[in-house]
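Here the protein sequences come in this chain order: U and V.
So the first sequence is numbered by the working numbering: it starts at 1 and just counts up by one.
So the second sequence is numbered by the working numbering: it starts at 111 and just counts up by one.
What follows is a short report on a single structure.
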Amino acid sequence: GENVEQHPSTLSVQEGDSAVIKCTYSDSASNYFPWYKQELGKGPQLIIDIRSNVGEKKDQRIAVTLNKTAKHFSLHITETQPEDSAVYFCAASVDNDMRFGAGTRLTVKP
Amino acid sequence: EAGVAQSPRYKIIEKRQSVAFWCNPISGHATLYWYQQILGQGPKLLIQFQNNGVVDDSQLPKDRFSAERLKGVDSTLKIQPAKLEDSAVYLCASSHRNSGYTFGSGTRLTVV
Numbered sequence: 001g002e003n004v005e006q007h008p009s010t011l012s013v014q015e016g017d018s019a020v021i022k023c024t025y026s027d028s029a030s031n032y033f034p035w036y037k038q039e040l041g042k043g044p045q046l047i048i049d050i051r052s053n054v055g056e057k058k059d060q061r062i063a064v065t066l067n068k069t070a071k072h073f074s075l076h077i078t079e080t081q082p083e084d085s086a087v088y089f090c091a092a093s094v095d096n097d098m099r100f101g102a103g104t105r106l107t108v109k110p
Numbered sequence: 111e112a113g114v115a116q117s118p119r120y121k122i123i124e125k126r127q128s129v130a131f132w133c134n135p136i137s138g139h140a141t142l143y144w145y146q147q148i149l150g151q152g153p154k155l156l157i158q159f160q161n162n163g164v165v166d167d168s169q170l171p172k173d174r175f176s177a178e179r180l181k182g183v184d185s186t187l188k189i190q191p192a193k194l195e196d197s198a199v200y201l202c203a204s205s206h207r208n209s210g211y212t213f214g215s216g217t218r219l220t221v222v
């Protein structure tokens, strides 16, 4: 089955700096790659996603890139703000079978 | 649209007791998932339903966990008997085709 690895496990940045989280996946059939943000006491919330026929997608301060050949994808957050502090999960999916990375705890220091 | 509803939000039980969680997915979402999230880890799939049929329950500890979605809408997940290592957040999610899941807020289970 699919195996998703996520790095780093923790990330601390200064407000205004950029943050990058990277994931790799094992199943070349995976074709859907969402990113979730989980705040304390809440369920994960979808923040951005990308499909395998696209190499990059951007939504305001958040962007995701996908390299199918290397089987890795990344989340980029620019101009970070304290409210970006949360745990971020990547996932890889094929046919509604989604596997999650272990998560990255992002701390944005004011 | 209304989100995924889960109840209860919190539950504390003693080991060997039983517990049940309830989930009502987003209307029209045929696929429903139950995930277990242990503190500090990513969600781990327990069971996936497509309408009222089970698609994947390979990681469900079937000696103590059971789940049903009888009418293809809401679902219950039961643990009987509970063990200390079952302490976790149990997340329900639903999706429409191969798109992003919508998660509920989860049920935090503490087994003492």
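Cβ atoms here follow ideal geometry from the backbone N, Cα and C, with glycine treated the same way.
Quick caveat, the model's predicted, so the values are computed rather than measured.
**Asked** What residues from the region 30-47 of chain U come within 8 Å of chain V, judged by C-beta to C-beta, listed N to C?
**Response** Residues are counted here when their Cβ sits less than 8 Å from a Cβ of chain V; for the region 30-47 of chain U these are Asn31, Tyr32, Pro34, Tyr36, Gly41, Lys42, Gly43, Pro44, Gln45, Leu46, given in chain order.
**Cβ shell of U:Asp49 (< 8 Å), same chain only, five flanking positions each side left out** = Tyr32, Phe33, Pro34, Trp35, Lys57, Val64
**Rounded separation between V:Leu201 and U:Leu40 - CA only** = Cα to Cα, V:Leu201 sits roughly 14 Å from U:Leu40.
**Message:** Between U:Asn96 and chain V, is any beta-carbon pair separated by less than 8 Å?
**Reply:** yes
**Message:** Counting beta carbon pairs with one atom in the region 112-127 of chain V and one in the region 91-106 of chain U, are three or more of them shorter than 8 Å?
**Reply:** no
**Item:** Sequence-distant residues of the same chain with beta carbon closer than 8 Å to V:Leu180, five excluded per side
**Value:** Asn162
**Request:** Less than 8 Å between the CB atoms is what I'm expecting for U:Val13 and U:Val108, so what's the real figure, rounded?
**Result:** Indeed, because the Cβ distance is near 6 Å, the residues count as touching under 8 Å.
**Prompt:** Under 8 Å, do U:Tyr25 and U:Ala70 count as touching if we go by C-beta distance?
**Reply:** no
**Message:** Distance check for V:Asp184 and U:Glu79, CA to CA, integer angstroms please.
**Reply:** 41 Å
**Request:** Please decide whether V:Pro153 counts as near chain U, where near means a Cβ-Cβ distance under 8 Å.
**Result:** Yes, because at least one Cβ of chain U sits closer than 8 Å to the Cβ of V:Pro153.
**Message:** Rounded to whole angstroms, what is the Cα-Cα separation between U:Asn67 and U:Leu11?
**Reply:** Cα to Cα, the separation comes out at about 22 Å.
**Asked** What did DSSP end up calling U:Asp49 once you bin it into helix, strand or coil?
**Response** Reduced to three states, the DSSP call for U:Asp49 is strand.
**Request:** Go ahead and label U:Lys37 buried or exposed: buried means 16 or more other beta carbons lie within 10 angstroms of its beta carbon, across all protein chains shown.
**Result:** buried
**Prompt:** If we cut at 8 Å on Cβ distances, does U:Ala92 have a partner in chain V?
**Reply:** no
**Asked** If you run the structure through DSSP and keep just helix, strand and coil, what is V:Leu194?
**Response** helix
**Request:** Using 10 angstroms around the beta-carbon of V:Ser217, count the other beta-carbons present and answer buried if the total reaches 16, otherwise exposed.
**Result:** The residue you asked about is not Ser; residue 217 of chain V is Thr in the sequence shown. Classification of V:Thr217: buried, given that the 10 Å Cβ count is 16 or more.
**Item:** Contact list for U:Ala102 against chain V, beta-carbon separation under 9 Å
**Value:** Gly150, Gln151, Gly152
**Message:** Taking the alpha-carbon of U:Cys23 as reference, which of U:Pro82, U:Leu75, U:Ile62 has the nearest alpha-carbon?
**Reply:** U:Leu75
**Residue range of the unbroken beta strand (DSSP E) whose run includes V:Gln160** = 154-160
**Asked** Exposed or buried, what is V:Val222 when buried is set at 16 or more other beta-carbons lying within 10 Å of its beta-carbon?
**Response** Counting Cβ neighbours within 10 Å, V:Val222 comes out exposed, since fewer than 16 surround it.
**Request:** Taking a Cβ distance cut-off of 7 Å, strictly less, list which residues of the region 59-88 of chain U are near chain V, in chain order.
**Result:** none
**Those residues which DSSP pairs with V:Gln147 across a bridge** = According to DSSP, residue pairing for V:Gln147 in a beta bridge involves V:Val199.
**Prompt:** Going along chain V in order, which residues have a C-beta closer than 7 Å to the C-beta of U:Asp49?
**Reply:** Gly210
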